[in-house]
Amino acid sequence: MGRWLRTSEIYSWSNGLVGERVTGRRLNRLKGRGWHILHAVQWASGSDIDHLAIGPAGVFAINSKRHKGKKVWYGDRAITVNRSATRHITISQGEALRVSRVLSQRCGFRVPVRPVIAVVHAAKLTVKSAAPPVLVLAADQVDRALAGLSPTLSKDQIDRIYAVARDSRTWTTA
Numbered sequence: 102m103g104r105w106l107r108t109s110e111i112y113s114w115s116n117g118l119v120g121e122r123v124t125g126r127r128l129n130r131l132k133g134r135g136w137h138i139l140h141a142v143q144w145a146s147g148s149d150i151d152h153l154a155i156g157p158a159g160v161f162a163i164n165s166k167r168h169k170g171k172k173v174w175y176g177d178r179a180i181t182v183n184r185s186a187t188r189h190i191t192i193s194q195g196e197a198l199r200v201s202r203v204l205s206q207r208c209g210f211r212v213p214v215r216p217v218i219a220v221v222h223a224a225k226l227t228v229k230s231a232a233p234p235v236l237v238l239a240a241d242q243v244d245r246a247l248a249g250l251s252p253t254l255s256k257d258q259i260d261r262i263y264a265v266a267r268d269s270r271t272w273t274t275a
């Protein structure tokens, strides 16, 4: 069983890494258009934020979820993968709240952070929610979706938030 567990953990980790790279490449398309992108932002605990996007439409904590060849369904409060419930929404919301608290404290003004889940390589993604608490998108649409949102931050706010977010002390002391 020990060998199976290690193999399973390695597969899970490498599968997640593929998803993060796919999402990261799409997000990088926003650079130079008023957006700053950070990848694999490390918390003191050793866990990380897959991606932070900071731009005119706000701050987004983005989790990449690779569900290759699976059917992903998102309703008002849950994501299922091949009809099995996940904790993706709860985890994503918690992470966004934590990021908001840390950035707000370090910036000296309130920094709302919207959670996003970028679904990678799913056979089908169905979103059934009028006003979702978490933005769930196919990874190949994440750059266009964020770029298409209405502006909420000034250039000065974007620059300040980015300066704080790229400082590793922001996350290692949180």
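Residues 102 to 275 in my numbering are what the sequence shown lists, from first letter to last. Virtual Cβ for every residue (Gly too), placed ideally from N, Cα, C. Predicted model, so just to flag it, every value in this text is computed and none were measured.
The C-alpha of A223 lies about 26 Å from the C-alpha of I155.
Taken through DSSP and simplified to helix, strand or coil, N129 comes out as helix. Every beta strand (DSSP E) stretch that sits fully inside the stretch 205-268 and reaches 3 residues is listed by chain position as 214-221, 225-228 and 236-239. Measuring C-alpha to C-alpha distances from H152 to each of V123, H140, P233 and L238 identifies H140 as the nearest. Within the same chain, Cβ atoms closer than 6 Å to the Cβ of T187 are found at I180, the five residues on either side in sequence being excluded. Under the Cβ criterion (8 Å, minimum of three pairs), the stretch 207-221 counts as touching the stretch 239-248. P252 counts as exposed, since fewer than 16 other beta carbons sit within 10 angstroms of its beta carbon.
Taking C-beta separations shorter than 6 Å and ignoring five residues to either side along the sequence, the partners of G120 in its chain run S165, R167 and V221, following chain order.
The continuous beta strand (DSSP E) containing N164 extends over residues G159 to R167.
According to DSSP, K172 shares a beta bridge with K225.
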